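Engineer:
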Amino acid sequence: MHFDSATQGYAWLVRRGHQAIAKTTDAGANWRQVYPAISPMSTEYFDREQGLGFGSVLNAGAILRTFDGGASWEGVGSLPPEFQRPRFIDLVHGWAIAPAEIGDQARSGNALFRTTDGGATWTRVATSPPDPGDSFTVVFPFDANRLVVATNRSYLCGHQ
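Going by this note's numbering, 36 is the number at position 36 of the sequence shown; the sequence numbering is gapless.
1. From what residue to what residue does the beta strand (DSSP E) around residue 111 run?
2. Taking 8 Å as the threshold (C-beta atoms), are residue 46 and residue 90 in contact?
3. Here's a check: name, in chain order, each residue in its chain whose Cβ is nearer than 7 Å to the Cβ of residue 136, leaving out the five neighbours to either side.
4. Between 20, 92, 30, which has its C-alpha nearest residue 51's C-alpha?
5. Residue 126 by DSSP, collapsed to three states: which one?
6. Is it buried or exposed for residue 43, if we count other Cβ within 10 angstroms and need 16 for buried?
7. Who are the near neighbours of residue 105 in its chain, counting only those whose CB is closer than 6 Å to its CB and skipping five residues on each side?
8. Quick test of your reading: residue 20 and residue 13, contact by CB under 8 Å. State the CB separation rounded to the nearest angstrom.
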């Protein structure tokens with residue numbers, strides 16, 4: 001569930017095996033279903049109307065976007081199955097963690113990938129810290145160029 005104001009919010013619903021997104025404009029007193037078809041597994045809204053949806057029953061790596069508060073969705077791209085759920089700061093800038101072997105068979109551990117086109121393409125920007133056994137665990141972006149990446153032992157700050 002995500003509220004972007006005191007009155008407007010969104011919830012991901014599962015009922016009798018079917019998934020949908022519901023929207024409220026009165027602080028949860030009433031809800032209406034706004035999107036049942038693709039059924040994102042999770043959503044992230046940046047304002048009242050713009051948001052991203054991740055995964056669906058038919059495509060776990062799907063990235064979807066909405067410009068009308070979830071009333072309609074369009075496909076943007078797809079994450080490889082090895083990618084962990086990405087973190088976006090807007091509709092185009094995002095980061096995800098994945099095994100470093102993607103694109104580099106000689107490297108073990110994991111890597112940080114970045115998108116600047118809403119998830120249509122991904123570029124590796126960093127690999128795991130050099131300490132053996134240390135790996136990226138979660139990304140906390142501040143804006144399009146600055147982020148904190150937590151590892152299983154500490155955290156790293158960086159920018160592009």
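For each residue, glycine too, the CB sits at the ideal point set by N, CA and C. In this text, all values refer to a predicted model and were calculated from it rather than measured experimentally.
Structural biologist: The short version:
1. 110-115
2. yes
3. 97, 110, 112, 128, 149, 151
4. 92
5. strand
6. buried
7. With a pLDDT of 44 at residue 105, under the threshold of 50, the predicted position of this residue should be treated as unreliable, and no value is reported.
8. 5 Å
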